[in-house]
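Engineer: This is the structure, below, for whatever I ask next.
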Amino acid sequence: MEILEQLYEGKAKKVFKTADADVYMVQYKDDATAFNGAKKGSISDKGIVNNKMSNQIMQQLEKAGIPTHYIEQLSDRETLVKRVEIVPLEVIVRNVTAGSFAKRFGVEEGLQLKNPTLEFCYKNDDLDDPMINNYQITALELATEQELATIADLAFKVNAELIKIFAAVNIRLVDFKIEFGRLDDGTIILADEISPDTCRLWDKDTNEKLDKDRFRRDLGGEVEAYQEVARRLSL
Ligand code: TMP
Ligand code: ASP
Numbered sequence: 020m021e022i023l024e025q026l027y028e029g030k031a032k033k034v035f036k037t038a039d040a041d042v043y044m045v046q047y048k049d050d051a052t053a054f055n056g057a058k059k060g061s062i063s064d065k066g067i068v069n070n071k072m073s074n075q076i077m078q079q080l081e082k083a084g085i086p087t088h089y090i091e092q093l094s095d096r097e098t099l100v101k102r103v104e105i106v107p108l109e110v111i112v113r114n115v116t117a118g119s120f121a122k123r124f125g126v127e128e129g130l131q132l133k134n135p136t137l138e139f140c141y142k143n144d145d146l147d148d149p150m151i152n153n154y155q156i157t158a159l160e161l162a163t164e165q166e167l168a169t170i171a172d173l174a175f176k177v178n179a180e181l182i183k184i185f186a187a188v189n190i191r192l193v194d195f196k197i198e199f200g201r202l203d204d205g206t207i208i209l210a211d212e213i214s215p216d217t218c219r220l221w222d223k224d225t226n227e228k229l230d231k232d233r234f235r236r237d238l239g240g241e242v243e244a245y246q247e248v249a250r251r252l253s254l
């Protein structure tokens with residue numbers, strides 16, 4: 020597949036056009052940011068771990084009946100994906116209290132929730148990705164009610180599959196963020212990435228953090244944490 024010009028550079032990935040108008044190529048970087056870009060750094064070989072992990076997981080999700088943008092891995096950092104129009108929502112699912120949830124509701128981190136929760140943030144860096152509810156989403160025409168129902172259903176299915184995938188390697192899936200896109204015919208599919216950048220992953224025995232919180236919170240050992248996740252998932 021001939022790779023054409025760069026279309027977009029995000030905080031963690033670049034997106035390129037290809038000779039096929041329905042196919043994009045994503046290239047994963049080692050750049051790491053937190054707090055909407057206020058904290059900047061890099062995590063050595065993060066791009067390789069995130070690319071391989073996201074691709075492996077998306078293939079497992081496809082087998083479980085969840086449509087994704089994944090087409091084919093080209094190299095350690097590069098993957099072909101289906102072209103979508105991204106729905107401008109960060110879709111967050113939580114199983115255990117942590118991060119902004121713990122802060123917002125005044126609860127300690129690490130408490131098992133009685134049921135998984137779903138929340139949406141409006142993807143808008145200028146506004147710092149504010150939380151948004153279903154009424155506000157449809158009122159602003161960011162997504163339709165029907166699309167939101169599909170997104171919620173898929174998000175909980177992704178959660179159920181991810182819990183199993185990580186439990187098999189002794190990792191507790193605390194929470195994660197996913198994004199969806201629309202194909203030309205309007206079909207909603209899973210897009211973006213699933214990686215230690217976008218999930219909270221804790222060792223089941225020790226609760227050691229194996230994700231980007233090591234970078235966000237200056238805990239150190241972030242390179243080793245990403246490599247440990249890669250090792251456990253046999254990437
Ligand atoms: P939060 O507790 O900070 O709201 O984060 C919830 C989950 O979403 C956590 O797994 C980290 C992930 N996340 C992203 O992927 N991107 C972001 O910009 C933020 C703020 C969180
Ligand atoms: N996506 C956020 C940022 O751009 C970082 C995070 O994952 O917390 O800075």
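Heads up, the sequence shown stops at 254 in my numbering, and the numbers go up one at a time, no gaps. Cβ atoms here follow ideal geometry from the backbone N, Cα and C, with glycine treated the same way. Owing to the predicted nature of the structure, the values given are computational and were not obtained by experimental measurement.
Report buried or exposed for S73, applying the criterion of at least 16 other Cβ atoms within 10 angstroms of its Cβ.
Structural biologist: Answer is buried; the Cβ neighbour count reaches 16.
Engineer: Nearest CA to the CA of L71: which residue from V177, K48 and I190?
Structural biologist: The amino acid at residue 71 is misidentified as Leu; the sequence shows Lys. Comparing Cα positions, the closest option is K48.
Engineer: Whose C-alpha, out of D41, T52 and T163, is nearest the C-alpha of P107?
Structural biologist: Of the candidates D41, T52 and T163, the one whose C-alpha sits nearest the C-alpha of P107 is T163.
Engineer: When you measure from the CB of F54 to every non-hydrogen atom of the ligand ASP, does any distance come out below 7 Å?
Structural biologist: Within the cutoff, so yes.
Engineer: To which residues does DSSP link I22 through a beta bridge?
Structural biologist: Answer is T37, bridged to I22.
Engineer: Reducing DSSP to helix, strand and coil, say where N189 ends up.
Structural biologist: Correct three-state label for N189: coil.
Engineer: Taking C-beta to C-beta, are L80 and E166 nearer than 8 Å?
Structural biologist: The answer is no: Cβ separation not under 8 Å.
Engineer: When you compare the segment 220-228 with the segment 38-46, are there three or more beta-carbon pairs, one atom per stretch, that lie closer than 8 Å?
Structural biologist: As far as the Cβ criterion goes, the segment 220-228 does not touch the segment 38-46, which means the pair count is below three.
Engineer: Out of curiosity, what's the CA-to-CA distance linking D237 and D204?
Structural biologist: Roughly 44 Å between the two C-alpha positions.
Engineer: Which residues share a DSSP beta bridge with L238?
Structural biologist: Per DSSP, none; premise fails for L238.
Engineer: Would L252 and P86 qualify as a contact pair, given that the criterion is a beta-carbon distance under 8 Å?
Structural biologist: No; because the gap between Cβ atoms is not below 8 Å, this pair is not in contact.
Engineer: Following a CB-centred definition, is I170 positioned closer than 7 Å to any heavy atom of the ligand TMP?
Structural biologist: Every heavy atom of the ligand TMP is 7 Å or more from the Cβ of I170, so no.
Engineer: Report the rounded CA-to-CA distance for I170 versus T206, giving the unit in angstroms.
Structural biologist: Cα to Cα, the separation comes out at about 11 Å.
Engineer: Nearest to P215 by alpha carbon, out of M150, F195 and Y27?
Structural biologist: Cα-wise, what sits closest to P215 is F195.
Engineer: So what does DSSP say about K122, is it helix, strand or coil?
Structural biologist: Looking at K122 - three-state DSSP - the assignment turns out to be helix.
Engineer: Does at least one heavy atom of the ligand TMP sit under 7 Å from the Cβ of E166?
Structural biologist: It does not: the Cβ of E166 is nowhere closer than 7 Å to a heavy atom of the ligand TMP.
Engineer: Which stretch, first to last residue, makes up the beta strand (DSSP E) that contains T52?
Structural biologist: Residues D50 to A53.
Engineer: Measuring only the C-alpha atoms, how far is I76 from R191?
Structural biologist: So the two alpha carbons sit approximately 16 Å from each other.
Engineer: What does DSSP give as the partner residue(s) for D147 in the beta ladder?
Structural biologist: According to DSSP, which records beta bridges pairwise, D147 is partnered with nothing at all.
Engineer: Measuring CB atoms only, is the segment 58-68 touching the segment 113-130, in the sense that at least three cross pairs come out at less than 8 Å?
Structural biologist: Contact between the segment 58-68 and the segment 113-130 is absent, because fewer than three Cβ pairs lie under 8 Å.
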